[in-house]
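Residue numbers (this note's numbering), protein chains in the order written: chain A, 1 to 378; chain B, 379 to 722.
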Amino acid sequence: MNERCAVIGIGQTQYAAKRGDVSMPGLVREAAKRALEDAGLTWADIDAVVLGKAPDMFEGVVQPELFMAGALGAVGKSMIRVHTAGSVGGSTAVVASHLVSSGVHKRVLTVAYEKQSESNAMWALSQRFPFNPPVMAGAGGYFAPIIRAYMARTDAPDHIGLKVAVKDRQNAALNPLAHLQMPDITEEMVRASPMLWDPVRYLETCPSSDGACAMIFSSDGSEVDNPAWVLSTAMRSEPMLFPGRDEVNPRAGADCATSAYKDAGITPDQLDCAEIYVPFSWYEPMWLENLHLFESGWKAIDAGHTHLGGKLPINMSGGVLSSNPIGASGMIRFAEAARQVRGTADKHQVDGAKLAMGHAYGGGSQFFSMWIVGQERP
Amino acid sequence: MALRDVHVAGFAQLPNRMNLDDYDEAEMVQEITAKALADAGLERSDVGFTCSGSNDYVMGRPFSFAMAIDGLGAWPPIRESHVEMDGAWALYEAYVRLQHGDVDVALVYGFGKSSLGSVDAVHTLELDPYSLAPLGVDPHAMAAMQARLLIESGETTEAKLAHISCRSRRDGNKNPNAPHADEADADALLADPYVREPLRAHDLPVRTDGASCVVLRVGGGGPRIRGIAHIIDAHQPGFRDLTTSASATKALAAAGGAGGVTVAELHAPYTSQEVILIKALGLGEDVTINPSGGAHAACTPMVAGLTRIGEAALAVRNGAPAALGHATSGPLLQHNMICVLEAE
């Protein structure tokens with residue numbers, strides 16, 4: 001790397017089922033302005049803008065960076081639009097951080113968003129195409145068989161999914177920006193909620209949200225007292241239709257994690273907390289294993305290790321299970337990791353967090369992006 | 379800190395055709411990536427980073443790039459990313475990625491098919507969804523407004539635009555990767571009816587199917603990227619002077635200028651936009667414009683910009699001391715990239 005990269009500003013919108021009070025540019029601008037205020041900067045201080053979101057069909061606008069250039073202060077600057085399926089929020093942060101770490105730009109604004117209330121994501125995800133296997137019933141229908149394979153492979157008991165669903169919503173109750181606010185949720189409530197895609201129940205599923213997340217990166221971090229330093233970034237992809245794949249424990253995810261830890265010069269047990277992409281409750285135990293965090297994901301959850309105050313708190317913000325503007329969901333994970341090491345996570349702060357990981361995945365469990373951030377300048 | 383020298387080590391394209399229905403996304407990607415790596419004398423295992431550009435609306439499906447990577451042989455898993463833009467921006471991302479020192483070879487591709495639907499309708503959907511898209515204005519009408527301003531400002535005439543088309547068709551017919559175009563003299567073209575006054579059929583982009591791939595390498599020879607930069611302008615047509623391109627001018631300056639450039643490959647879908655770009659980039663009469671026939675001979679969505687950079691690299695390989703590749707995105711040249719390549 002030519003330069004370091006520090007996170008000096010973070011801004012998020014309120015996450016909600018429908019943000020009818022703002023346009024799409026209004027939504028991204030809300031997050032971007034909060035990030036600028038957090039960094040103590042103005043639009044003029046930014047050299048380039050990197051925008052990310054999931055498929056354009058979610059809002060019905062083609063290449064929306066074009067019409068959002070003004071709202072994001074990008075006119076006369078360079079602008080890139082990233083799209084890597086569900087991992088896009090993470091990938092967008094990685095691409096933006098590389099503009100700084102490469103030495104090409106000094107300060108970069110990155111924003112990711114989705115305004116899911118503009119359309120129906122299930123429709124956009126469920127189209128049929130000639131000569132391709134149908135991916136029916138949206139993401140839940142795709143991932144449920146993979147979850148069942150995990151349960152069969154590891155003898156995981158049914159209540160693990162319930163525990164994750166409760167834990168993430170309890171964390172969300174500490175985060176006023178979270179979409180779902182269910183402080184009184186119990187395992188019995190989750191168990192009693194309708195079965196959508198066996199074994200995934202309604203309350204074990206992420207919501208559809210409107211929202212945007214923004215971050216500002218700088219090469220020297222001197223703009224603020226408490227920058228989060230990007231210690232490593234990693235991205236890995238593997239093919240969707242390849243019989244050698246293991247979708248329960250995808251090699252691209254495992255390789256991505258190995259690379260992220262190695263480049264940061266740490267081992268996973270040094271992490272103080274992690275925000276990982278869990279759109280269905282069962283993905284927490286699966287990713288805990290895939291990312292080399294625990295040998296048995298479900299046993300770690302059963303022992304309470306991933307609660308706030310546990311051995312390795314996971315999804316302190318409430319996670320994707322509590323707020324899911326799809327294109328932004330990866331960036332929210334990355335931003336929460338940075339908030340933790342900056343010590344600005346308010347009520348969901350992990351005491352003394354110095355090292356944190358952010359993770360996102362997408363497609364058919366085939367696209368992965370990660371970063372590790374730390375309090376100390378590398 | 380100094381940037382690493384990045385070279386265009388390989389370039390390949392599928393022939394741009396009106397209809398490439400023999401190929402799906404994965405098949406296009408498989409063929410062009412294999413050809414470009416062969417051109418570079420490299421193996422798939424040499425590639426450290428892969429980046430692509432495509433557009434879901436053009437391909438008529440969400441995640442069009444996800445199936446495409448099945449054509450890459452991405453196993454073991456690869457470092458990979460994607461922009462929902464022309465492949466030229468994927469090349470930019472790859473160029474930035476190569477600055478980190480851990481990987482030395484990047485594979486960049488773009489693919490698109492005009493034959494699957496209406497590219498014009500897709501372009502209408504890239505307009506501001508609150509104030510412009512509901513008007514249903516198509517890209518030809520937008521370009522006609524721009525051409526009208528250009529003619530009224532004295533920068534060009536309908537006859538000059540017809541000559542640009544004649545030259546593009548003539549050059550395109552010598553390029554095996556461009557579709558055949560019927561050649562006619564300018565007077566005959568000017569007898570055709572207007573499509574959107576003052577533009578006639580010959581002023582409009584030739585919408586094609588295709589794919590192209592560039593292999594970038596740190597060191598190792600081949601045309602060197604002397605400078606690369608891109609700048610976006612305001613979206614609303616009323617917010618900028620449509621008879622020039624402030625963003626193209628600024629991007630060229632950020633890329634270090636056009637000194638020594640003898641060939642320019644311009645991504646100008648409309649004849650009138652070539653006039654605007656030549657002026658905005660300050661290209662003199664000693665610069666050969668679009669020897670490939672340019673984007674006006676074959677305009678494959680998400681590909682035409684990357685192909686301009688590839689063609690500029692070919693011009694350097696063929697003896698030009700320096701060549702300029704240009705890519706554009708958005709309505710009326712809103713977003714422009716300049717890549718200046720030079721011989722080592």
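Think of the CB as a built atom: it goes at the ideal place given N, C-alpha and C, for glycine as much as any other residue.
- Residue 183(A) sits exposed, since fewer than 16 C-beta atoms from the chains shown fall within 10 Å of its C-beta.
- Contact with chain B is absent for residue 30(A), since none of that chain's Cβ atoms lies less than 9 Å from the residue's Cβ.
- Interface annotation, residue 19(A): not in contact with chain B, CB-CB separation never under 9 Å.
- Taking a 10 Å sphere around the C-beta of residue 98(A), we find 16 or more other C-beta atoms and assign the residue as buried.
- Interface criterion met: the Cβ of residue 613(B) is under 9 Å from a Cβ in chain A.
- The three-state reading of DSSP puts residue 232(A) in strand, counting E and B together.
- In this structure, DSSP gives residue 6(A) an extended state, which the three-state scheme calls strand.
- With contacts defined by Cβ atoms closer than 9 Å, residue 605(B) and residue 634(B) form a contacting pair.
- In the three-state reduction of the DSSP assignment, residue 439(B) falls in the coil class.
- Per DSSP, the unbroken beta strand (DSSP E) holding residue 595(B) starts and ends at 587–596.
- Counted as a single uninterrupted DSSP element, the alpha helix (DSSP H) harbouring residue 169(A) occupies residues 159–172.
- Among the CB atoms of chain B, one or more fall inside 9 Å of the CB of residue 251(A).
- Judged by DSSP secondary structure, residue 524(B) falls within the alpha helix (DSSP H) whose first and last residues are 517–530.
- Take residue 465(B), set aside five residues on each side of it, and the residues of its chain with a beta-carbon closer than 7 Å to its own are 430, 431, 486, 487, 488, 590, 680, 681, 683, 684, in chain order.
- Among the residues facing chain A, residue 477(B) is included, as its CB has a counterpart in that chain under 9 Å away.
- Under the three-state reduction of DSSP output, residue 384(B) falls in the strand class.
- Interface annotation, residue 511(B): in contact with chain A, CB-CB separation under 9 Å.
- Taking each of 142(A), 150(A), 39(A), 19(A) in turn and checking the Cα distance to residue 287(A), the smallest one comes out for 150(A).
- Between the alpha carbons of residue 327(A) and residue 333(A) lies a distance of about 12 Å.
- Look at residue 493(B): its C-beta is not under 9 Å from any C-beta on chain A.
- Annotation: residue 303(A) is outside any beta strand (DSSP E) and is labelled neither H nor E by DSSP.
- As the crow flies, the alpha-carbon of residue 478(B) is around 7 Å from that of residue 101(A).
- By the Cβ criterion, the segment 80–95 of chain A is not in contact with the segment 445–456 of chain B, since fewer than three pairs of Cβ atoms, one from each stretch, lie closer than 8 Å.
- When 654(B), 659(B), 648(B) are compared, the shortest CA-CA separation from residue 639(B) is found for 659(B).
- Excluding the 5 residues flanking it on each side, residue 140(A) has same chain C-beta neighbours closer than 8 Å at 196, 197, 200, 205, 280, in chain order.
- Within its own chain, the residues whose Cβ lies closer than 6 Å to the Cβ of residue 105(A), once the five positions on either side in sequence are excluded, are 47, 48, 99, listed in chain order.
- One alpha carbon belongs to residue 587(B), the other to residue 517(B), and they sit about 18 Å apart.
- Around the Cβ of residue 637(B), a 10 Å sphere holds fewer than 16 other Cβ atoms; the residue is exposed.
- If you keep only unbroken alpha helix (DSSP H) runs of at least 4 residues inside the segment 167–251 of chain A, you get 187–192.
- Buried is the label assigned to residue 294(A), since at least 16 other Cβ atoms lie within 10 Å of its Cβ.
- The C-alpha of residue 497(B) lies about 10 Å from the C-alpha of residue 490(B).
- Close CB contacts of residue 236(A) within its chain, under the 6 Å cut and outside five residues either way in sequence, are with 252, 255, 256, 368 (chain order).
- Of all alpha-carbon atoms in 408(B), 425(B), 415(B), the one lying nearest the alpha-carbon of residue 445(B) is that of 408(B).
- If you look at residue 371(A), you'll find it in the beta strand (DSSP E) that goes 367–374.
- In the three-state DSSP reduction, residue 578(B) falls in the strand class (E or B).
- Per DSSP, reduced to three states, the secondary structure at residue 600(B) is coil, with no helix or strand assignment.
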